[in-house]
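In the working numbering, the protein residues as written are 11 to 222. Step one of this worksheet: look at the structure below.
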Amino acid sequence: RMIAGLETPSTGTIFIGGEPPAQTLKHAGLSVAFQDPSLLPWRSVRGNIELALGLARRPLDAGEIDQLITLVGLDGFAETRPAELSGGMRQRAAIARALATRPSLLLLDEPFGAVDELTRRQLAQDLPRIWEARGTTTLLVTHSVSEAVMLSDRVIVLSPRPATIMADIEVTLPRPREPGMARTADFARLTDAVFAELTRGMAEAQTPQAAQ
11 RMIAGLETPS TGTIFIGGEP PAQTLKHAGL SVAFQDPSLL PWRSVRGNIE LALGLARRPL
71 DAGEIDQLIT LVGLDGFAET RPAELSGGMR QRAAIARALA TRPSLLLLDE PFGAVDELTR
131 RQLAQDLPRI WEARGTTTLL VTHSVSEAVM LSDRVIVLSP RPATIMADIE VTLPRPREPG
191 MARTADFARL TDAVFAELTR GMAEAQTPQA AQ
């Protein structure tokens with residue numbers, strides 16, 4: 011929320027490519043997709059994407075929108091309204107809407123939290139293909155350690171509130187990452203490292219000094 015300019019840091023400064031979030035927002039340089047897709051129910055998938063472009067004062071290119079709908083796996087549903095879509099499809103539409111302005115930074119806040127496990131796995135497999143095709147740097151917030159390792163190039167481990175950075179772990183697994191990679195020794199080593207830092211953060215938060 012601070013990176014998106016929705017909250018103001020109590021201390022410190024945030025820069026995105028050398029400029030503050032407010033400046034990045036002015037030229038639609040970042041987009042956010044939350045856990046709740048928040049699609050307008052009276053607009054179709056295409057209509058919701060067009061709204062994002064209209065708000066950013068970007069031209070409506072029908073061909074570009076069609077390509078984006080195809081990219082997120084919603085071919086054939088361009089004119090469908092949210093109530094007729096599954097949870098996973100609504101989330102795909104929300105991601106398409108967030109990518110419509112071609113932001114340099116995409117913020118995803120627990121984007122798979124409201125879908126079933128099978129859909130979650132499929133979305134996690136599709137997402138890197140989507141953001142790599144658009145050349146978009148992506149910051150993903152997730153409570154799933156395996157999801158973080160499977161998707162990321164870096165995992166920033168935060169402690170409980172007040173959140174502090176416990177570790178910045180580089181993920182060197184090759185891409186593309188197929189589901190079978192989760193059964194490899196390298197994957198296990200990385201997830202163990204993340205769990206260790208999470209455990210350390212929990213322990214430090216529960217000490218008397220932290221409580222004070």
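Glycine residues also receive a C-beta, built at the ideal position from the N, C-alpha and C atoms.
From this set, the options, which residue's C-alpha is nearest residue i's C-alpha?
i    : options                   : result
I175 : G211, A195, D202 and T147 : G211
S169 : E207, A195, M191 and L183 : E207
Q216 : I140, P172, L183 and W141 : P172
L115 : T182, E60 and L150        : L150
D119 : A38, F44, R100 and E60    : F44
M191 : Q135, L84 and G64         : Q135
A103 : L65, P69 and P51          : P51
R193 : T209, V159 and A213       : V159
T209 : I59, A195 and V167        : V167
A38  : G86, P184, G28 and A14    : A14
I105 : E29, F205, L49 and V165   : L49
If I measure Cβ to Cβ from residue i and keep anything under 7 Å in the same chain, skipping five residues before and after, which residues do I get?
i    : result
A62  : R107, A110 and T111
A203 : I179
T201 : V155, S156 and V159
G83  : R102 and D136
V181 : V159, S162, D163, R164, V165 and L200
Leaving out the 5 sequence neighbours to the left and right, which residues in its chain are closer than 8 Å to residue i when beta-carbon positions are compared?
i    : result
Q132 : G98
A32  : G15
A221 : With a pLDDT of 48 at A221, under the threshold of 50, the predicted position of this residue should be treated as unreliable, though the coordinate-derived value follows. Excluding sequence neighbours, A221 sits near nothing in its chain.
Which whole-angstrom value is the C-beta distance of residue i and residue j, which I expect to be below 8 Å?
i    : j    : result
L12  : I24  : The amino acid at residue 12 is misidentified as Leu; the sequence shows Met. Between I24 and M12 the Cβ distance is about 6 Å, and since that is below 8 Å, they are a contact.
P113 : T146 : 6 Å
V42  : L117 : 4 Å
H100 : P47  : Correcting the residue identity first, residue 100 is Arg in this sequence and not His. With a Cβ gap of about 4 Å, R100 and P47 count as contacting.
I'd like the list of long-range same chain contacts for residue i, defined as Cβ closer than 6 Å, with 5 residues on each side in sequence excluded.
i    : result
A198 : none
I122 : What sits at residue 122 in the sequence shown is Phe, not Ile. Same-chain partners within the cutoff: R130 and L133.
T34  : I26 and L40
I59  : I75, A106, R107 and A110
(message) Does the contact criterion of 3 or more C-beta pairs under 8 Å hold for the region 13-21 versus the region 73-93?
(response) No contact exists between the region 13-21 and the region 73-93.
(message) Going residue by residue through the region 155-213, where are the continuous alpha helix (DSSP H) segments of at least 4 residues, counting only ones entirely within it?
(response) 155-161
(request) Please determine if the region 43-57 and the region 126-133 are in contact, where contact requires at least 3 C-beta pairs separated by less than 8 Å. (result) no
(message) Could you check whether the region 90-101 touches the region 135-143, counting it as contact only if at least three pairs of C-beta atoms, one from each stretch, sit closer than 8 Å?
(response) no
(message) Quick check for students: name the residue ranges of the beta strand (DSSP E) that lie wholly in the region 117-152, counting only runs of 3 or more.
(response) As far as the region 117-152 is concerned, its whole beta strand (DSSP E) runs of at least 3 residues are 147-151.
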